[in-house]
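Everything below concerns the one structure shown next.
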Amino acid sequence: MRTSDPAEGSCTSPEALAALAALPPGKLLAPLDLGAFALAATRLDVVGAPYHRNNAGNLAVYRFFLGAPEDSATIARDWKVGYVALCPDSFTELGDKAAGDIQLVNQLHRGQVPAWLSPVAAAPAGLALYRVEPGLFTQAPSR
344 MRTSDPAEGS CTSPEALAAL AALPPGKLLA PLDLGAFALA ATRLDVVGAP
394 YHRNNAGNLA VYRFFLGAPE DSATIARDWK VGYVALCPDS FTELGDKAAG
444 DIQLVNQLHR GQVPAWLSPV AAAPAGLALY RVEPGLFTQA PSR
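In structure tokens:
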């Protein structure tokens, strides 16, 4: 199980939020806690955030990160996601339930990025940030 290392930075640090705020408008799929910060600090729409009336979006976040990359691509396409963000300690609260080799979250933590995601170079420490390749969609996502 991964644990947060202070040297890795924080997904909700001012630097991380500034990197998200610098992105052109679009839809962000990120862990729920980061979704709340992104709503307040950026022009991005989010798929999920820790609000009880967003059950469909919150479920999509868990299915996206805990699924296999090909299933995650379908979720990104269906939700018209433009960006994906991940924190160093994302989903550690699930323990062994999030320990599978095929799960997208674990592949991203190991640096295995599927072809339909491209890293955003300006991401600060503590925030893994990706752009969803427009070719994933039949029509480009709104940004």
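Per this note's numbering, the sequence shown starts with residue 344, numbered consecutively. C-beta: ideal position from N, C-alpha, C; glycine also. As the structure is a computational prediction, the values presented were derived from the model and not from experiment.
- [ ] In the DSSP assignment, find the unbroken alpha helix (DSSP H) run with Ser-356 in it and report its ends.
- [x] No alpha helix (DSSP H) holds Ser-356; DSSP gives it neither H nor E.
Mind checking Ser-433: buried by the 16 CB within 10 Å criterion, or exposed? buried
Exercise for the section: Note down, in chain order, each residue of its chain lying with its Cβ closer than 8 Å to the Cβ of Arg-345, except the 5 sequence neighbours on either side. Expected result: Confidence at Arg-345 is low in this model, with a pLDDT of 40, below 50, so its placement is unreliable and no value can be given for it.
Over what stretch of residues does the alpha helix (DSSP H) that includes Leu-402 continue unbroken?
398–409
Tyr-473: CB within 7 Å of a non-hydrogen atom of the ligand MN: The ligand MN is not part of this structure, which contains no ligands at all.
**Item:** Buried or exposed (CB count within 10 angstroms, at least 16 for buried), Ala-350
**Value:** With a pLDDT of only 47 at Ala-350, under 50, the local geometry of the prediction cannot be trusted, and the value read off the model is given with reservation. That one is exposed.
Note down the Cα distance separating Arg-420 from Thr-385, rounded to an integer number of angstroms.
-> 22 Å
Does the separation of the CB atoms of Ala-399 and Ile-418 fall below 8 Å?
-> no
- Query: In whole angstroms, what separates the C-alpha of Ser-363 from that of Tyr-405?
  - Reply: The sequence as given places Leu at residue 363; Ser does not occur at that position. Going from the Cα of Leu-363 to the Cα of Tyr-405 covers about 21 Å.
Report the residue ranges of all alpha helix (DSSP H) runs contained in full by the segment 440–476; include only those spanning at least 4 residues, in chain order.
-> 447–452
If we ignore side chains and look at the alpha-carbon of each, how far apart do Asp-348 and Gly-478 end up? With a pLDDT of 48 at Asp-348, under the threshold of 50, the modelled position of this residue cannot be trusted, and the question is left open.
| said: Between which residues of its own chain and Leu-510 is the CB-CB distance below 6 Å, once the five residues before and five after are set aside? | reply: Given that the chain is displayed from residue 344 to residue 486, the structure contains no residue 510 and the question cannot be resolved.
Item to check | Three-state class that DSSP yields for Asp-432 in the structure shown | outcome: coil
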